[in-house]
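For this note's numbering, count along the sequence shown from 1 and bump the result up by 4.
In this text, a Cβ means the ideal position worked out from N, Cα and C, and glycines have one as well.
All values derive from a computational prediction rather than experimental measurement.
Okay, so here's the structure we're looking at.
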Amino acid sequence: MAKGIRRRRHKNKAYKKSKGETTINDLPDDLLDLILLRVDSPLCLVRATFACKRFFRLIADERFGSPAGGRPVVLGHYYDPGLEWSPLHRISLPSGDPPFVPSSLDAFDGLCFSLDFLPFDQPRQLIDSRGSLLLFKQGPWGGMYQHFPDLIVCEPLTCRFQGIAHMPAPIGSMVFGGAYLIAGENTDGGMSMSNYRVFCVVGQLACVFSPGSDGGWRFVPVPDDDDDDGGEFHFPDDSDFAGRVAGKIYWGALKNGQLQVLDESTVTFSTMHLPEHMWWAYNRSNFRVIGGMESGGLSGGGEWVVEKSVRLADTSIGLPGHKAEFFTLPAKIVTAGDGFVTLTTQEDETWVFSVDLETMELEREHARNRYVAEAHPYALPQLPSFLPVSVN
Numbered sequence: 005m006a007k008g009i010r011r012r013r014h015k016n017k018a019y020k021k022s023k024g025e026t027t028i029n030d031l032p033d034d035l036l037d038l039i040l041l042r043v044d045s046p047l048c049l050v051r052a053t054f055a056c057k058r059f060f061r062l063i064a065d066e067r068f069g070s071p072a073g074g075r076p077v078v079l080g081h082y083y084d085p086g087l088e089w090s091p092l093h094r095i096s097l098p099s100g101d102p103p104f105v106p107s108s109l110d111a112f113d114g115l116c117f118s119l120d121f122l123p124f125d126q127p128r129q130l131i132d133s134r135g136s137l138l139l140f141k142q143g144p145w146g147g148m149y150q151h152f153p154d155l156i157v158c159e160p161l162t163c164r165f166q167g168i169a170h171m172p173a174p175i176g177s178m179v180f181g182g183a184y185l186i187a188g189e190n191t192d193g194g195m196s197m198s199n200y201r202v203f204c205v206v207g208q209l210a211c212v213f214s215p216g217s218d219g220g221w222r223f224v225p226v227p228d229d230d231d232d233d234g235g236e237f238h239f240p241d242d243s244d245f246a247g248r249v250a251g252k253i254y255w256g257a258l259k260n261g262q263l264q265v266l267d268e269s270t271v272t273f274s275t276m277h278l279p280e281h282m283w284w285a286y287n288r289s290n291f292r293v294i295g296g297m298e299s300g301g302l303s304g305g306g307e308w309v310v311e312k313s314v315r316l317a318d319t320s321i322g323l324p325g326h327k328a329e330f331f332t333l334p335a336k337i338v339t340a341g342d343g344f345v346t347l348t349t350q351e352d353e354t355w356v357f358s359v360d361l362e363t364m365e366l367e368r369e370h371a372r373n374r375y376v377a378e379a380h381p382y383a384l385p386q387l388p389s390f391l392p393v394s395v396n
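Structure (structure tokens):
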């Protein structure tokens, strides 16, 4: 009898112990869903989808489609290495695929950003990015004026790409002024391989490409010489590109403080005027429009004031490699992104540094300063479109 009592007590202890141990599987879907929705890092959410099918099923819901309050999460930047002289072909060709510099050490493994999945039948050059998509051009190379190139749109994290053939002659024979990724026609769906557009300037024409069975090239109306804003319209060139903010693309002022502005949603041009004390000839090396505003972009009206400034000649003293003769000529902008500007000196263009626009501090050791090249931000795709279609 005593043995039976002892045996029964032992079983009760074992039962209580096992009952007290709970796991994540004991949480109902509704509660687990609330926990996942409070995860700050989209990178952690993506990793969670590979942990188990249950996490995948919950995170693949549309509610996770706009992480970080709807703002794109920049994972890093691709740096265009530019063109190099090829003695064999006697022309300048792209020197290789663009390297990727992550925004933080918490980013994905570098293999996730490899471009090895792209066909390499001819050299290609990175010319733009938007969201999780990259835009490359493939020749023609050489010559003072370039004609309309073949284009490639790709998404590295999903290893998908689409080739876009150049427009036929005579339009394809006109001078190519630049190509840019812009928002797709489905404004609620975010940027993806099925929802994007490519805007191009060629000669004195503007055109836009849309994917899909009903897509293709179409022409875009441009303003008359004298637009409603009282400015004279000039076709923008890629060398005058100043940046993109809040769904608008800006090109530098050609004269009288004018900026050319393209609204991505409507694909229409307008002219914006800078204050008279800012009437200079601007280009990529001395003028940039940088993100950070919630909506609306820049406005030509109202009073312009200086928010922050820094004297580069004084602040740069003490940085590694600094020389006394630096900044006798104006510094040149190499590239710019959310929260930073990368510059170099005209006296030594290999001496690259960046300015943190929040603290206005100068940095020399940051990874982005290794490249004298244009930076193209790369953002996390919307989670449902990034994840596989099925878990069965």
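Residue burial classification, residue i (beta-carbon count within 10 angstroms, cutoff 16)
i	result
C158	buried
F223	exposed
C204	buried
N373	buried
P172	exposed
E268	buried
T354	exposed
A169	exposed
T346	buried
F124	exposed
P385	buried
W255	buried
F180	buried
F121	exposed
S299	Low per-residue confidence applies at S299: pLDDT is 44, beneath 50, and the placement is therefore not dependable enough to give any value.
G325	exposed
K252	buried
As assigned by DSSP and simplified to three states, the class of residue i
i	result
L36	helix
I175	helix
V249	strand
M282	helix
V206	strand
A317	helix
I294	coil
F331	coil
C116	helix
L139	strand
L130	strand
G73	Here G73 scores only 46 on pLDDT, less than 50, and its place in the model should not be relied on; the value that follows carries that caveat. Reduced to three states, the DSSP call for G73 is helix.
V4	Any answer about residue 4 is impossible in this case: the structure gives the chain only from 5 up to 396.
V43	coil
K336	strand
F180	strand
L323	coil
D125	coil
Nearest-angstrom Cα separation, counted from residue j out to residue i
i	j	result
E365	G80	20 Å
Y200	L155	14 Å
G73	K327	Summary for G73: the model assigns pLDDT 46, below 50, so the residue's position carries little reliability; its value from the coordinates is reported in the next sentence. Cα to Cα, the separation comes out at about 44 Å.
I39	E25	20 Å
F140	F60	32 Å
L35	L161	30 Å
C211	S136	22 Å
D352	Q129	25 Å
L278	G261	5 Å
T275	S289	21 Å
P381	V105	10 Å
Y375	A383	20 Å
H281	F291	14 Å
V293	C163	31 Å
F152	V226	19 Å
Q264	V77	28 Å
A310	G341	According to the sequence provided, residue 310 is Val. The question's Ala does not apply to it. Going by the C-alpha atoms only, they are around 19 Å apart.
R368	L323	7 Å
Y82	I337	17 Å
W221	C116	31 Å
P103	D318	32 Å
Q479	I175	Because the chain in this structure spans residues 5 to 396, residue 479 falls outside the shown range and cannot be described.
D242	M178	15 Å
For residue j and residue i, believed in contact at Cβ under 8 Å, the rounded distance
i	j	result
I344	L333	Looking at the sequence itself, residue 344 is Phe, so the reference to Ile does not match. Not a contact, Cβ separation roughly 22 Å.
S320	F357	7 Å
G207	F213	With a Cβ gap of about 16 Å, G207 and F213 do not count as contacting.
E378	D84	5 Å
L49	I63	6 Å
M195	R134	6 Å
Beta bridge counterpart(s) of residue i as assigned by DSSP
i	result
R222	V212
W255	F245, Q264
H81	V105, P381
N199	S196
C158	L138, F165
S274	V265
G341	F344
L366	V359
A187	Y200
8 Å Cβ cutoff, residue i in contact with chain D
i	result
D37	Among the chains of the structure shown, chain D does not appear; only one protein chain is present.
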